[in-house]
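Colleague:
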Amino acid sequence: MKLQTQQGPLEFALQTVYQAISRSTNHPVLTGIMLTAQEDILHLSATDLEKSVECVIAADVEMPGALVLPGQQLRDIVNKIPEGEISLSAPEDRYQAVITWRNSEFVLNGYPPDQFPNLPTADESSTFSMSAGVLQDALTKTVFVASTDESMPIISGVKLDFSNGVMQTIGTDGYRVAVYETDIPGVTPDSLQIVLPKRSTQDLLRMLNQVDSVDSVEISLSENHVFFEMNNGVKFATVTLEGKYPDVLTMVPNPQDYATHMTFDRTDFAGACERTALLAEEHQGGARPIHLHIKPDTLIFKGRSPELGEAYDEIEGQLEGDELDILFQAKYLMEGISNMDAEHITFSFTDQESAAQMQGVGSEKYLYVVLPMKTRE
Amino acid sequence: MRGKLIPRGRQKQTTAASLSLVHVDMDAFYASVEQRDNPPLRGAAVVVGGSPEGRGVVSTCSYEARRYGIHSAMPSSRARALCPSAVFISPDFARYRQASEEVRSILRSAGEAIEVVGLDEAFVQLPADCAEPVQIARRLKREIKKECELDCSVGLSYNKPLAKLASEWNKPDGFMVIRQREAAELLAGIPMKNLWGIGPSTEETLRRRGIVTCSDFVEADAGLLIELLGAGRCWELSLICNGLRVDEVGESTRAKSVSREKTLAHDVDEPEELQVHLLGLAADLAERLSRKQVRGVTVVLKVRFSDFTTITRSRTMDEPVDGEDELIEVATELMDTVFEDAASEGVRLLGLGVSGLHHSDVPHQLSFL
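For the protein sequence lines, the chains are A and C, in the order given.
Residue numbers for the first sequence follow my numbering, beginning at 1 and rising by one.
Residue numbers for the second sequence follow my numbering, beginning at 1001 and rising by one.
(1) Please list, in chain order, the chain C residues whose beta carbon lies closer than 7 Å to that of ALA259(A).
(2) According to DSSP, simplified to helix, strand and coil, what is HIS1277(C)?
(3) Leaving out five residues on either side along the sequence, give the residues of the same chain with a beta carbon under 6 Å from the beta carbon of GLY1356(C).
(4) Could you tell me which residues DSSP puts in a beta bridge with GLN359(A)?
(5) What's the gap between the Cα of PHE328(A) and the Cα of ILE290(A)?
(6) Please compile the residues from chain A whose C-beta is within a distance smaller than 7 Å of the C-beta of ASP1247(C).
(7) Relative to the C-alpha of LYS141(A), which candidate in ILE99(A), THR201(A) and PRO120(A) has its C-alpha closest?
(8) Which complete alpha helix (DSSP H) runs does the stretch 126-196 of chain A hold, if anything under 4 residues is left out?
(9) Along chain C, in chain order, which residues have C-beta atoms closer than 7 Å to that of MET251(A)?
(10) So, is LEU371(A) buried or exposed, given that buried needs 16 or more other C-beta atoms within 10 angstroms?
(11) Mind listing, in chain order, the continuous beta strand (DSSP E) runs of no fewer than 3 residues lying wholly within the stretch 1063-1092 of chain C?
(12) Quick one: Cα of CYS1148(C) to Cα of LYS1164(C), how far?
(13) In whole angstroms, what separates the C-alpha of GLN1275(C) from that of ASP1284(C)?
(14) Starting from ASP1318(C), trace the alpha helix (DSSP H) in both directions and tell me its first and last residue.
(15) Under the three-state reduction of DSSP, which class applies to CYS1130(C): helix, strand or coil?
(16) Return the first residue and the last residue of the beta strand (DSSP E) that MET1176(C) is part of.
(17) Just how far apart, CA to CA, sit SER1238(C) and LEU1206(C)?
(18) Could you tell me whether the Cβ atoms of GLY1174(C) and GLU1261(C) are closer together than 8 Å?
(19) Buried or exposed: where does ALA58(A) fall if 16 or more other Cβ atoms within 10 Å of its Cβ makes it buried?
(20) Under 9 Å between beta-carbons, which chain C residues line up against LYS302(A)? List them in chain order, please.
(21) Could you tell me the alpha carbon to alpha carbon distance between GLU1251(C) and ILE1178(C), rounded to whole angstroms?
(22) At least one CB of chain C closer than 8 Å to the CB of LEU327(A): is that the case?
(23) May I ask which residues mark the beginning and end of the beta strand (DSSP E) holding ILE290(A)?
(24) According to the neighbour-count rule (16 or more other Cβ atoms, all chains shown, within 10 Å of its Cβ), is ALA1337(C) buried or exposed?
(25) Apply the 10 Å Cβ neighbour rule to MET373(A) and answer buried if 16 or more other Cβ atoms are within range, or exposed otherwise.
(26) How big is the Cα-Cα spacing for GLU1319(C) and VAL1294(C)?
(27) Strictly by DSSP, which residues pair up with ALA46(A)?
(28) When you compare the CB of SER1355(C) with every CB in chain A, is at least one pair closer than 8 Å?
(29) To the nearest angstrom, how far is it from the Cα of GLU274(A) to the Cα of ALA330(A)?
(30) For ALA280(A), which three-state DSSP category applies?
(31) In the DSSP output, which residue or residues are listed as bridge partners for GLU320(A)?
(32) Going along chain A, which residues have a C-beta under 9 Å from ASP1318(C)?
(33) Quick check on this structure: which residue in GLN357(A), ILE294(A), PRO82(A) and LEU249(A) has the alpha carbon closest to the alpha carbon of GLY317(A)?
(34) With DSSP as the reference, label MET973(C) as helix, strand or coil.
(35) Using a threshold of 8 Å, state whether the C-beta atoms of VAL1087(C) and LEU1126(C) are closer than that.
(36) Using 10 angstroms around the beta-carbon of LYS235(A), count the other beta-carbons present and answer buried if the total reaches 16, otherwise exposed.
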């Protein structure tokens, strides 16, 4: 293998695929990045067997070939080289690469390419495309709710449900549910449900966030993988979670069940919540209860810790329905409000022991449902 | 650091703290309850504890018994040898708890808050603007005598260590007031080991450097004290010894664990004897848990041997426990495992506690699934 390429694109490609390498493994080849040179391209890939990332850059290939190099060192070396042309060559009889830039030369030991796992391949017939921005927004607003509890693996993922031009994205941890629903123009599957693992979803989001140049994503499927190909040449694949995703929407109250609707300014609420949480007592598992007292024109926040003291805050609001006192984990309120875009938010409640719903005024596509805390009798 | 922790000028630069902290310590509590409930025992040498026939030990004894040299943690057989006419009674914790509750209800009526230390002692917070704290403290003592027919010693001061020191000043049936203006002078000659919270190991650490009394401590070099005890601990002791500490009995903070421990007066190696101490600890712990309205999921037994090696054993239960019977059952099993591993040496300290606390007033998160 022998080729020349530019440092800039190579650095970007390495940074991108590096996100898929295995962080802890007994198998060294999984900490490596696979390089394949042919015709005028260099193909880079990495996988931890759950997810994989592939990337293609232009290269001047004198001799085709393939090699796996240790991911971290390769990335670090290329990071430290200034912009310009880099040469990479590997003798055929050794798993070793020579990287040269001006007067610098690195000889980096690698692994045989045939030990690198085969990456999953998509069934091209199922491909459809959607806006990268919409996918990013939908995943961002739901993945943070996905469970980290291993006892129920299926909810440690984000559910994507495509049906007749609508995409519904759901995350839950058993205490809250986040639902994002939007129309997807163009050709989309009539009926498709997939559950993406939480970690993979976060990795995909990093890739979507990485560059502004990504504006559309091609989605393809195979039996147990889903593929996201971005228009900057980056292809991300992840296993999908198997099992029946619980029908959490049936546990969410119907809109007519809500007896109390409080509408307030989003930043007022976020600020009061953060301030009150400072003195809310931390219980097992990190829960910090905040008391909300919902009055006709005011929403009162109270946090209290026997050791530290008490916090009181109030914000203006418009009440529709009954007054209510209710208790929530501070974190659940703060995470919910921080994912709202609208200037004004309506928080709707049934009673002290039922789920409550947060939704932006004039923003129908996203809702966040959260269960309160209850004091033991 | 050179020089004293708190310079002499600073020692006087303080606003006077009000006399608002009362320490009530019941005299020979278990034995007194027995004498009260059984009139023929009044005036007799009464020993509450294990049987003198076996390897039992003395838990508490009446002041009449103390005249014979009997003291708590002494083997009951030795107590009998010292005073053959002594009456031996096995402890009845349910009755002592009942008596303790009666005393507490009197304390609650007088103070703003009480902090219970054990079945036989408690602190009472008097109102800050209390005009006649001395009269109120005396009245508490009289009421306990009248209502419960039990003697106690009462100390009145402005912080807990001094209130406790005051209640011990002329025990039994004692009464003592320590005001801030006389505290420093009064404390000067007091051995450090008499202060609340000074255990044998701190006492020994200080004694080796010639620090025996509170005035030795006050005069000692700050750098040395910090080296010996660490900054936090030595600042705390320094405030006490200079009479500068001010306490309030307030709402107690939410504990992570609750435990009781007891240093035995002599080393014990007989399981039967240890069992008696364990029973007392379990009763005390159960009482504490019920007062704090908590239960613990992990039971922890601590055993320190005469050579200061310490073994702790714990067991985590499926459900949190708080009952005396459950505690004693687990503690006994844990004790057996200690002796499987330990070289046969005397035990000098026993501790029993629970962690992984479930507070009954803590809210829990509701779930969809």
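The C-beta atom is built at its ideal place from N, Cα and C for all residues, glycine as well.
Quick caveat: nothing in here was measured; it's all calculated off a predicted structure.
Modeller: Checking against the coordinates, here is how it stands:
(1) Working through the first sequence from its first residue, we reach residue 259(A) at position 259. Under the 7 Å cutoff, chain C gives no residues; its nearest Cβ is about 17 Å from ALA259(A).
(2) Here the question's residue 1277(C) lines up with position 277 in the second sequence. In the structure shown, HIS1277(C) sits in a helix (DSSP, three-state: H, G or I).
(3) The sequence position of residue 1356(C) within the second sequence is 356, counting from 1. Cβ within range, chain order: GLY1296, VAL1297 and THR1298.
(4) In the first sequence, residue 359(A) corresponds to position 359, counting from 1. Per DSSP, THR346(A) and LEU367(A).
(5) Here residue 328(A) corresponds to residue number 328 of the first sequence, with the count starting at 1. Here residue 290(A) corresponds to residue number 290 of the first sequence, with the count starting at 1. Straight-line Cα distance between these residues: approximately 5 Å.
(6) Working through the second sequence from its first residue, we reach residue 1247(C) at position 247. Per Cβ cutoff of 7 Å: no residues; ASP1247(C) is ~16 Å from chain A at best.
(7) Here residue 141(A) is taken as the residue at index 141 of the first sequence, counted from 1. Nearest option by C-alpha distance: THR201(A).
(8) 132-143
(9) Along the first sequence, read from residue 1 onward, the residue named residue 251(A) stands at position 251. Here the neighbours are PHE1368.
(10) What you label residue 371(A) is simply residue 371 of the first sequence in a count that begins at 1. The residue in question, LEU371(A), is buried, as its Cβ has 16 or more Cβ neighbours within 10 Å.
(11) 1087-1089
(12) Taking the second sequence and counting its residues from 1, the one referred to as residue 1148(C) is at position 148. Taking the second sequence and counting its residues from 1, the one referred to as residue 1164(C) is at position 164. Computed Cα separation, rounded: 22 Å.
(13) Taking the first residue of the second sequence as position 1, residue 1275(C) is located at position 275. Taking the first residue of the second sequence as position 1, residue 1284(C) is located at position 284. So the two alpha carbons sit approximately 14 Å from each other.
(14) Along the second sequence, one-based indexing puts residue 1318(C) at 318. Run containing ASP1318(C): none in the alpha helix (DSSP H); it sits in the beta strand (DSSP E), 1310-1321.
(15) If you number the second sequence from 1, residue 1130(C) lands on position 130. Three-state result, CYS1130(C): coil.
(16) Indexing the second sequence from 1 puts residue 1176(C) at position 176. Residues 1175-1177.
(17) As a working mapping, residue 1238(C) is identified with position 238 in the second sequence. As a working mapping, residue 1206(C) is identified with position 206 in the second sequence. Going by the C-alpha atoms only, they are around 13 Å apart.
(18) Start at 1 with the first residue of the second sequence, and residue 1174(C) comes out as number 174. Start at 1 with the first residue of the second sequence, and residue 1261(C) comes out as number 261. No, the pair does not count as a contact, with Cβ atoms beyond the cut-off.
(19) The residue you call residue 58(A) lines up with position 58 of the first sequence. Classification of ALA58(A): exposed, given that the 10 Å Cβ count is below 16.
(20) Residue numbering aside, residue 302(A) sits at position 302 when the first sequence is read from its first letter. Near LYS302(A) there are no residues of chain C at all, since even the closest Cβ is about 13 Å away, more than 9 Å.
(21) Within the second sequence, the letter at position 251 stands for residue 1251(C). Within the second sequence, the letter at position 178 stands for residue 1178(C). Unreliable positioning characterises GLU1251(C) in this predicted model, as indicated by a pLDDT of 49, which lies under 50. A coordinate reading is not provided.
(22) Within the first sequence, numbered from 1, the residue matching residue 327(A) stands at position 327. Judged by the 8 Å Cβ criterion, LEU327(A) is in contact with chain C.
(23) For this step, residue 290(A) is matched to residue 290 along the first sequence. ILE290(A) -> beta strand (DSSP E) spans 289-294.
(24) Stepping through the second sequence from its first residue, residue 1337(C) is reached at position 337. The sequence shown places Thr at residue 1337(C), rather than the Ala named in the question. Per the 10 Å Cβ criterion, exposed.
(25) As a working note, residue 373(A) is residue 373 in the first sequence. Buried, by the Cβ-count rule.
(26) The residue you call residue 1319(C) lines up with position 319 of the second sequence. The residue you call residue 1294(C) lines up with position 294 of the second sequence. GLU1319(C) and VAL1294(C): Cα-Cα distance of roughly 12 Å.
(27) For the purposes of this step, residue 46(A) is taken as residue 46 along the first sequence, with counting starting at 1. Partner(s): VAL53(A).
(28) Sequence index remark: in the second sequence, residue 1355(C) carries index 355 (1-based). No, SER1355(C) does not count as interfacial toward chain A.
(29) By one-based count along the first sequence, residue 274(A) stands at place 274. By one-based count along the first sequence, residue 330(A) stands at place 330. Whole-angstrom Cα-Cα distance: 8 Å.
(30) Taking the first residue of the first sequence as position 1, residue 280(A) is located at position 280. Coil, per DSSP.
(31) Counting from one through the first sequence, the residue named residue 320(A) turns up at place 320. Paired residues: HIS261(A).
(32) Within the second sequence, residue 1318(C) is the residue found at index 318, counting from 1. Here the premise fails: no neighbours, minimum Cβ distance about 17 Å.
(33) The sequence position of residue 317(A) within the first sequence is 317, counting from 1. Measuring from the Cα of GLY317(A), the nearest candidate turns out to be ILE294(A).
(34) The structure shown does not extend to residue 973(C), since chain C is modelled only from 1001 to 1369, so the question has no answer here.
(35) One-based indexing of the second sequence puts residue 1087(C) at position 87. One-based indexing of the second sequence puts residue 1126(C) at position 126. Not a contact, by the Cβ cut-off of 8 Å.
(36) Stepping through the first sequence from its first residue, residue 235(A) is reached at position 235. Under this definition LYS235(A) is a buried residue.
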